[in-house]
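Peer 1:
Protein chains in written order, with the numbering used here: chain A, 1 to 218; chain B, 1001 to 1218.
Below you can see the structure in the form of C-alpha cells.
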C-alpha cells in the first residue's frame, strides 16, 4: 500500500504505463481484469466511468483500492475528490472542465496526487502553477474511447518535453503501433485505455507496451 | 449565514418550502433568480443540475452560497459532498443511487445537513438509521422535471406521517392545485422545482405555496 506523499511521488516518478479502466462489469469480472493488469505491471490505474452511478462508482473504487493496496500500482480516481477520499485512492485526475487542482487539493489534503489533463502548452503551464503532481497531454491520436474536436498531436508532446518539468503522460489513441512515434518526441510515459482494455489479451498488450517503453528508457 | 449544526437544524425544523433550481443560466441571470426566491421566503434552495460540468457547478454553488449567506435560506448541494464542502453549503442531498448518507457524512463532517430521497417506507427507515437529517418523499405526482417508473403517491406520504419522525418533504409534481391533497396527508413540507422555476412569476408562485402551507400549520 502506498500511503505517504513521498512513496506516492516515488512510484509516480518511475511510472511509465498508465491505464484507464471503466467499472462496467460485475464485481468478479472487474476484480479479475484489475488483478491481471496489476500483475502485468501497470504502474497507474485510473477508474474512469462516466456512466456508473455514484454508489457503484464508489464500490468499484473501493474494490480497486483493495486490489492495489499491497502492490506498487497507484490507483487514481477520475474527476471526484470525494470518491477518492472515501476509497482511500492515491489521487485524483481532473480535466479542464472539472474541479481545479487547487479545489481538489482542499478536499483530498496534502498526501494524495493530483493529475490534470492538458491540451495546450498554456494549460500545461497552468497545471504547474496550480501544483499538479503530473499532467496528461493529448489527445495525441484519434481514439475509440473519447471524441475530440482538435488534435494537438506529437507537436504538443515535443513542446512539453522542452518546456515542462513535471511527470507527463501522452494520451489519446496510443497503441503498440504508433508508440515509436510518441517515443521519438522524447516522451517516456503514456496513458492508454482501449489499447489494453479492448485487447484480446490484456496481459500481452501491457507487456508489449512496457517492453517498448523500457527499451527506450535505458 | 447559518454555520453551526444547531442553527442549521433550527432552520430545517421550521422549513416548509424547499425549491430545487438548476444552474443553466448566465451568472447574472442566475443571481437575479436566486435573489428573488430568497427574498420571496424560500426556506431551502437546492442546486440540482445534472448537465453542468463540475467547474460550472462549483461556480454556481459558490454564487448560491454568497446570495444566501446573510439570509435564513438554507443552501443544499445535490449529490456532491465535495462541491458542498468547497462551496461551504449547508448540506448535501443524495438519492438512492448516490453516495450513502454515511459516506457523505465522512466527507462533509458533522455540522452540515444530509438529506436522502426515499420512495418506500423501507428506504425512509434506512435513512433514519443512517442518521439523515431530513428525507424527501416521492414522487407524489408525475412531474415535468424528472421521469419515474412508479408513483408511491399520497399513500406513501400518509405512511411517513404515521411512522417516521424526521423532517420530511413531499416531492414530485406538487403545485398550488394539488397541494391541498398533499396537506390532507398530514405533510406540512414540500419540495418543488417546476412549480416555481417555470412559473411566469416565481415570487407570486412562492407566495401562493407558502400561504397554503402556513394556513394549514396554524
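Ideal Cβ placement from N, Cα and C applies to all residues, glycine included.
Being a predicted model, the structure only gives us computed values, none of them experimental.
1. Does residue 1058 (chain B) have its Cβ less than 8 angstroms from a Cβ in chain A?
2. Could you check whether the Cβ of residue 49 (chain A) sits closer than 8 angstroms to any Cβ belonging to chain B?
3. Can you find the residues in the same chain that come closer than 7 angstroms, C-beta to C-beta, to residue 1 (chain A), ignoring five residues on each side of it along the sequence?
4. Count the other C-beta atoms from every protein chain shown that fall within 10 angstroms of the C-beta of residue 1213 (chain B), then say buried if there are 16 or more, exposed otherwise.
5. Run the CB neighbour count on residue 165 (chain A), radius 10 Å, all protein chains shown included, and call it buried at 16 or more, exposed below.
6. Hey, is the stretch 1137 to 1144 of chain B in contact with the stretch 1092 to 1100 of chain B, meaning 3+ C-beta pairs nearer than 8 angstroms?
7. In chain order, what are the residue ranges of uninterrupted beta strand (DSSP E) at least 3 long that sit wholly in the stretch 1114 to 1179 of chain B?
8. Can you check which of these residues, B:1201, B:1089, B:1217, B:1215, is closest to residue 1032 (chain B) by C-alpha distance?
9. Find the residues of chain A that neighbour residue 1081 (chain B), judging by a C-beta separation of less than 7 angstroms, and give them in chain order.
10. Determine, for residue 211 (chain A), whether the minimum Cβ-Cβ distance to residues of chain B falls below 8 angstroms.
11. Measure the alpha-carbon distance for residue 63 (chain A) versus residue 40 (chain A) and round it to whole angstroms.
12. Output the distance between the C-alpha atoms of residue 48 (chain A) and residue 20 (chain A), rounded to the nearest integer angstrom.
13. Would residue 1107 (chain B) and residue 1094 (chain B) qualify as a contact pair, given that the criterion is a beta-carbon distance under 8 angstroms?
14. Starting from the Cα of residue 131 (chain A), find the closest Cα among A:115, A:5, A:10 and give me that residue.
15. Whose Cβ in chain A lies nearer than 7 angstroms to the Cβ of residue 1107 (chain B)?
16. Taking 8 angstroms as the CB-CB cut-off, is residue 230 (chain A) touching chain B?
17. What is the DSSP secondary structure of residue 1099 (chain B), counted as helix, strand or coil?
18. Name, please, each residue of chain A whose Cβ falls closer than 8 angstroms to the Cβ of residue 1053 (chain B).
19. Hey, does residue 206 (chain A) have any beta-carbon neighbour from chain B nearer than 8 angstroms?
20. Which same chain residues end up closer than 6 angstroms to residue 1127 (chain B) when comparing Cβ atoms and leaving out the 5 residues on each side of it in sequence?
21. Given a threshold of 16 other Cβ atoms within 10 Å of its Cβ, counted over all protein chains shown, does residue 122 (chain A) qualify as buried or as exposed?
22. Just how far apart, CA to CA, sit residue 1006 (chain B) and residue 1089 (chain B)?
23. Would you say residue 1022 (chain B) lies against chain A (beta-carbon separation less than 8 angstroms)?
24. Would you say residue 144 (chain A) and residue 194 (chain A) are within 8 angstroms of each other, going by their C-beta atoms?
25. Within the continuous beta strand (DSSP E) that includes residue 286 (chain A), where are the two ends?
26. Report the option in B:1055, B:1053, B:1043 whose CA atom is closest to the CA atom of residue 1076 (chain B).
27. Could you run through the stretch 1171 to 1187 of chain B and flag, in chain order, every residue whose CB is less than 9 angstroms away from some CB of chain A?
28. Distance cutoff 8 angstroms, beta carbons only. Does residue 1001 (chain B) sit that close to anything in chain A?
29. I need the straight-line Cα distance from residue 185 (chain A) to residue 14 (chain A), nearest angstrom please.
30. Residue 1060 (chain B) and residue 1091 (chain B): beta carbons closer than 8 angstroms?
31. By Cβ distance, which residues of its chain are closer than 8 angstroms to residue 58 (chain A), with the 5 residues on each side in sequence left out?
Peer 2: With the structure as the only source:
1. Judged by the 8 angstroms Cβ criterion, residue 1058 (chain B) is in contact with chain A.
2. Interface criterion not met: the Cβ of residue 49 (chain A) is under 8 angstroms from no Cβ in chain B.
3. A caution first: residue 1 (chain A) carries a pLDDT of 48, below 50, which makes its placement in the model unreliable, though a value can still be read off. Cβ neighbours of residue 1 (chain A) beyond the five flanking positions: 69, 70.
4. By the neighbour-count rule (16 or more Cβ atoms within 10 Å), residue 1213 (chain B) is buried.
5. By the Cβ-count criterion, residue 165 (chain A) is exposed, with fewer than 16 other Cβ atoms from all chains shown falling within 10 Å of its own Cβ.
6. Under the 8 angstroms Cβ criterion, the stretch 1137 to 1144 of chain B does not count as touching the stretch 1092 to 1100 of chain B, having fewer than three qualifying pairs.
7. Runs found: 1134 to 1137, 1168 to 1171.
8. Residue B:1201 is the option with its Cα nearest to residue 1032 (chain B).
9. Per Cβ cutoff of 7 angstroms: 82.
10. No - not a single Cβ of chain B is within 8 angstroms of the one on residue 211 (chain A).
11. One alpha carbon belongs to residue 63 (chain A), the other to residue 40 (chain A), and they sit about 18 angstroms apart.
12. Straight-line Cα distance between these residues: approximately 6 angstroms.
13. A distance of 8 angstroms or more separates the beta carbons of residue 1107 (chain B) and residue 1094 (chain B).
14. A:115 is the residue among A:115, A:5, A:10 whose C-alpha sits nearest the C-alpha of residue 131 (chain A).
15. By Cβ distance, chain A contributes 82, 85, 86.
16. Here chain A has residues from 1 to 218 only, and residue 230 (chain A) is not among them.
17. Residue 1099 (chain B) falls in the coil class under three-state DSSP.
18. The contacting residues are 97, 98.
19. Chain B, which has no Cβ nearer than 8 angstroms to the Cβ of residue 206 (chain A), makes this no.
20. Residues 1116, 1118, 1135 of the same chain have their beta carbon placed closer than 6 angstroms to that of residue 1127 (chain B), with the five preceding and five following residues left out of the count.
21. Counting the other Cβ atoms within 10 Å of the Cβ of residue 122 (chain A) gives fewer than 16, which makes it exposed.
22. A straight line joining the alpha-carbon of residue 1006 (chain B) with that of residue 1089 (chain B) spans about 15 angstroms.
23. Output row for residue 1022 (chain B): interface = no.
24. In contact: residue 144 (chain A) and residue 194 (chain A) (Cβ atoms closer than 8 angstroms).
25. Lying outside 1 to 218, the shown extent of chain A, residue 286 (chain A) is not represented and no answer is given.
26. Cα-wise, what sits closest to residue 1076 (chain B) is B:1043.
27. Against chain A - using a Cβ distance shorter than 9 angstroms - the stretch 1171 to 1187 of chain B contributes no residues.
28. Unreliable placement is indicated for residue 1001 (chain B), whose pLDDT of 48 sits below 50; no coordinate value is reported for it.
29. If I take the Cα positions, the gap works out to 19 angstroms.
30. No. Outside cutoff.
31. Around residue 58 (chain A): 83, 86, 87.
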